[in-house]
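Below is one structure, written out as C-alpha cells; the observations come after it.
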Amino acid sequence: MAPRVLVSDKLSETAVQIFRDRGVDVDFLPDVGKDKEKLLEIIDQYDGLAIRSATKVTPKLIEAAENLKVVGRAGIGVDNVDIPAASRRGIIVMNTPFGNSITTAEHAIALLLAVARQIPAADVSTQSGKWEKSRFMGVELTGKTLGVIGCGNIGSIAAARGIGLKMRVIAYDPFLSVERAEEIGVEKVELDELLTRADFITLHVPLTDKTRNIINAEAIAKMKNGVRIINCARGGLVVEADLAEALKSGKVAGAGFDVFETEPATDSPLFGLPNVVCTPHLGASTSEAQENVALQVAEQMSDYLLKGAVTNAINMPSISAEEAPRLKPFVKLAEVLGAFVGQVTESAIKEVDILYDGSTAQMNTNALTSAVLAGLIRPQVADVNMVSAPVMVKERGIILSEARRDKSGVFDGYIMLTVKTANKTRSIAGTCFSDGKPRFIQIKGINLDAEVGAHMVYTTNEDAPGIIGLLGTVFGEAGVNIANFSLGRNRPGGDAIALLYVDEPVSEEVLDTVRSHKEIESAKPLVFDIG
Numbered sequence: 001m002a003p004r005v006l007v008s009d010k011l012s013e014t015a016v017q018i019f020r021d022r023g024v025d026v027d028f029l030p031d032v033g034k035d036k037e038k039l040l041e042i043i044d045q046y047d048g049l050a051i052r053s054a055t056k057v058t059p060k061l062i063e064a065a066e067n068l069k070v071v072g073r074a075g076i077g078v079d080n081v082d083i084p085a086a087s088r089r090g091i092i093v094m095n096t097p098f099g100n101s102i103t104t105a106e107h108a109i110a111l112l113l114a115v116a117r118q119i120p121a122a123d124v125s126t127q128s129g130k131w132e133k134s135r136f137m138g139v140e141l142t143g144k145t146l147g148v149i150g151c152g153n154i155g156s157i158a159a160a161r162g163i164g165l166k167m168r169v170i171a172y173d174p175f176l177s178v179e180r181a182e183e184i185g186v187e188k189v190e191l192d193e194l195l196t197r198a199d200f201i202t203l204h205v206p207l208t209d210k211t212r213n214i215i216n217a218e219a220i221a222k223m224k225n226g227v228r229i230i231n232c233a234r235g236g237l238v239v240e241a242d243l244a245e246a247l248k249s250g251k252v253a254g255a256g257f258d259v260f261e262t263e264p265a266t267d268s269p270l271f272g273l274p275n276v277v278c279t280p281h282l283g284a285s286t287s288e289a290q291e292n293v294a295l296q297v298a299e300q301m302s303d304y305l306l307k308g309a310v311t312n313a314i315n316m317p318s319i320s321a322e323e324a325p326r327l328k329p330f331v332k333l334a335e336v337l338g339a340f341v342g343q344v345t346e347s348a349i350k351e352v353d354i355l356y357d358g359s360t361a362q363m364n365t366n367a368l369t370s371a372v373l374a375g376l377i378r379p380q381v382a383d384v385n386m387v388s389a390p391v392m393v394k395e396r397g398i399i400l401s402e403a404r405r406d407k408s409g410v411f412d413g414y415i416m417l418t419v420k421t422a423n424k425t426r427s428i429a430g431t432c433f434s435d436g437k438p439r440f441i442q443i444k445g446i447n448l449d450a451e452v453g454a455h456m457v458y459t460t461n462e463d464a465p466g467i468i469g470l471l472g473t474v475f476g477e478a479g480v481n482i483a484n485f486s487l488g489r490n491r492p493g494g495d496a497i498a499l500l501y502v503d504e505p506v507s508e509e510v511l512d513t514v515r516s517h518k519e520i521e522s523a524k525p526l527v528f529d530i531g
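Here's what the structure looks like:
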C-alpha cells in the first residue's frame, strides 16, 4: 500500500507532482492547515504531513496523528512544529535548510545597503515632493568591517557577498574551524571582539537558549558608536527594547529587521524610528526559494517514506538514500542487541556504552545508536522508535557513551553493547554476515556464533554435563519444541550460556520449572522482530 501524504499549506503544483511521480498517494488541501478542527479530524489518515508556516503542528494534533511518520517543513524554520512532542511520538521532523539560503543572505545584504544609505526614508521623502539631500547622508561599505554572527550555510553566503562589496569580514561561530574560515575568506573571532570591531553586524544563527537575546544592552555597550545591525535570522536574538534605546541615543546608527520577537509583528519598539528599516519576514520570499524548498521537501519526504532515507531531520540522524541499503541490516542488528539486553535487564539502567569496531565504525553510527536505544527500551515502552528513543533515554537520565576503533578481531566489523545497572553489568556483541542477517558473537564475554530467532530462551549456568539434556527434558514434557540451540562457555567448568530456538513463546510456568533446577542460574524468554 502506497504511503499517504497530506499537503496542508500552499506548496507548488510541481512539488505535489513529485509525490505522485514517486508513487506517494498525496492529498493537496492547501487551506486545511488554517482549519484546526478539520486538520485534527483527518490527520490520522496520513503517513506524512507537508507544511509551510500556516499549519501549526501542536501536541494535540500530534496526539491525533496515529499513523504519522514524518512532518516536512518547506523552509528552514520549524517554530510551528512542537519538536519534543513529535519526537516522543517517534515522528521525524524535516526542514529544508538550503533551499532559501541564497535568498535570505541576499535579503540581509539588501537591508544592509538600505540602512547604510537610508533608502526607504529617502524614497518616502522624495515621493512626497521633498528634496532633502542633506538629510540622507549615508556611509560607504567599502573598507568597513562586517561582523557575521553565525557563519553556517546562510552566514557564509552573506560573508561572501560582503567580501564582494570590498568589506573586511569577521565571523563568530563556535563551530567554524580556522580552515573553513580561511577557505571562505573571513577572520574567525570571539563574540566580544566582533562586537567591538564591527561597523555592521548581521545575525545568522538559530534561536536557541544560548543565542536568545544575544544582542542586548550589555552587548550593545561593547559595540562601536554608529554601528548598524541587521537581523534576517530569527526574532528573539535581539532585545528589541534595548536596541530601540540605543537607536534613539545614537549609539546604534541604524538597523534592518526582517524578523521580530512576536510575529506577525503589529507592534514593536523599533517601529516608527527614523533609522530603522523593517520588512515582514521576507528572507525566503523569492519565487526561486519558494519553489526550491517545496521541491526539496517533496523529495525528502518521498525518500523517507519509500526508501527509509532521512535527510535534514531535526530530531533524527540523517541516512542518505545511498547508504540506507547498506546500513539497513546493521540497524536491525543494533536494534536486536538493544532488545536482547532490554529483555534480560530488570532493574533501572544507569549507563549505556556502545563500541563500534572495524567497518561499523565507518558507518552512520548516530543512526545505529538510535536503533540500539530503541531496542533497549522497547520492552518498557512498546511504541518507541529510533526518533523517540534518544529523547526517552535522556529524560531518564541514562548516561550514554560511544566509542569507535579500527578492526581488532576476526570480524570485519561488529557492535558491542554494555549496559550497567546499580548492581550488574551486561554486555553483548553482534555482527552481520554477507547474508545481512544479524548474529550474536559474544554474550557476557563468552564467544559464540548464534543466529537471531523470533522466539528464543536464554539461560545461564555453570558449565556441567547434562544441562542440555535437562533443558530438552523440561521443554519436551511441556510440549515445547526446540528447533535449534547455540552454546558457549568461558572455560571448562566455568560460566556457560545457552540460546534455545523455540517455535513459539515459552510460558512463565515452564520457565519457572527450568529455574527450579539448581544447575540453572537464570532462564529468560526473548522475542525478536526479525522480519
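Here the sequence shown is numbered in this note's numbering, starting from 1 and rising by one per residue.
For each residue, glycine too, the CB sits at the ideal point set by N, CA and C.
These numbers come from a predicted model, not from an experiment.
Tell me whether P274 is buried or exposed, calling it buried when 16 or more other Cβ atoms sit within 10 Å of its Cβ.
Answer is exposed; the Cβ neighbour count stays below 16.
Which residues share a DSSP beta bridge with L146?
The partner list for L146 (beta bridge, DSSP) reads V169, F200.
From E589 to S101, what distance separates their C-alpha atoms?
Because the chain spans 1 through 531 in this model, residue 589 falls outside it and cannot be assessed.
State the start and end residues of the unbroken beta strand (DSSP E) segment that holds R439.
Unbroken beta strand (DSSP E) run through R439: 438–443.
Which class does M137 belong to by DSSP, given the choice of helix, strand or coil?
Reduced to three states, the DSSP call for M137 is coil.
Nearest to Y501 by alpha carbon, out of K518, E508, T431, G472?
That would be G472, whose Cα lies nearest to the Cα of Y501.
So A389 packs on S401, CB below 8 Å; how close in whole Å?
Not a contact, Cβ separation roughly 16 Å.
Which residues share a DSSP beta bridge with G413?
According to DSSP, which records beta bridges pairwise, G413 is partnered with G358.
If you reduce the DSSP assignment to three classes, tell me which class M316 lands in.
Coil.
In terms of DSSP beta bridges, what is L487 paired with?
DSSP output for L487 lists A498 as bridge partner(s).
State the start and end residues of the unbroken beta strand (DSSP E) segment that holds T425.
It spans 425–432 - the beta strand (DSSP E) in which T425 sits, taken as one unbroken run.
With 16 as the cutoff for other CB atoms within 10 Å, does F475 come out buried or exposed?
Buried, by the Cβ-count rule.
Please work out which residues of its chain come closer than 6 Å, Cβ to Cβ, to G283, disregarding the five sequence neighbours upstream and downstream, and give them in chain order.
T104, H107, C232, D258.
Taking the straight line between their C-alpha atoms, what separation do you get for A65 and P206?
Between A65 and P206, the C-alpha separation is close to 28 Å.
Checking the sheet assignment: what are the DSSP bridge partners for H455?
Per DSSP, V527.
State buried or exposed for V419, treating a residue as buried only when at least 16 other CB atoms are found within 10 Å of its CB.
Buried.
If we count the other Cβ atoms within 10 Å of its Cβ and call it buried at 16 or more, is G23 buried or exposed?
So G23 counts as exposed.
Below 8 Å, can you find three or more Cβ-Cβ pairs linking the segment 217–227 to the segment 239–251?
Contact holds: three or more Cβ-Cβ distances are below 8 Å.
Rounded to whole angstroms, what is the Cα-Cα separation between S128 and A122?
Rounded to whole angstroms, S128 to A122 spans 10 Å at the Cα level.
Based on Cα-Cα distance, which residue from K38, V70, K34, I42 lies nearest to A50?
Among K38, V70, K34, I42, the Cα nearest to that of A50 is on V70.
Figure out for me which residue from A255, R426, T262, K524 has the closest Cα to the Cα of V506.
Comparing Cα-Cα distances from V506 to each of A255, R426, T262, K524, the minimum goes to K524.
Have a look at G75, E190, G164 and flag the residue whose alpha-carbon is nearest the alpha-carbon of L176.
Residue E190 is the option with its Cα nearest to L176.
Kindly list the residues whose CB is nearer than 7 Å to the CB of V277, restricted to its own chain and excluding five residues on each side of it in sequence; keep chain order.
Only L111, A114, V115, P120, G256 meet the Cβ criterion.
Just curious, the alpha helix (DSSP H) that L273 is in, first and last residue?
Neither: L273 is in no alpha helix (DSSP H) and is coded neither H nor E.
For the candidate residues K144, I91, E323, I446, whose alpha-carbon lies nearest to that of P492?
Among K144, I91, E323, I446, the Cα nearest to that of P492 belongs to I446.
Compare the C-alpha of E462 against each of D21, I441, D495, A478 and name the closest.
Nearest of D21, I441, D495, A478 to E462, Cα basis: D495.
Restricting to runs no shorter than 4 residues, where is the alpha helix (DSSP H) found entirely within the segment 11–72?
Counting whole runs of 4 or more residues, the segment 11–72 contains the alpha helix (DSSP H) stretches 13–21, 36–42, 59–64.
How big is the Cα-Cα spacing for G72 and V297?
Each residue's alpha carbon lies about 6 Å from the other.
Can you give the Cα-Cα distance for I536 and D242, rounded to whole angstroms?
This structure gives no information on residue 536, because the portion of the chain shown stretches from 1 to 531.
Name the two residues that bound the continuous alpha helix (DSSP H) containing E182.
Its alpha helix (DSSP H) spans residues 178–184.
Determine the closest residue to S555 out of N423, K210, E451, V238, with distance taken between C-alpha atoms.
Residue 555 is absent from the structure shown; the chain starts at 1 and stops at 531.
Within a Cβ cutoff of 6 Å, which residues of the same chain sit near D412, ignoring the five residues on either side of it in sequence?
The residues are G358, S359.
Can you tell me the Cα-Cα spacing of A348 and K328, whole angstroms?
Near 29 Å, if we compare the C-alpha coordinates of K328 and A348.
Return helix, strand or coil for D406, following the three-state DSSP convention.
DSSP places D406 in coil when its eight states are reduced to three.
Only counting the same chain, and skipping five residues up and downstream in sequence, which positions put a Cβ closer than 6 Å to that of I92?
The residues are V70, A313, M316, V387.
What are the boundary residues of the alpha helix (DSSP H) that G375 is part of?
Here the alpha helix (DSSP H) through G375 covers 365–377.
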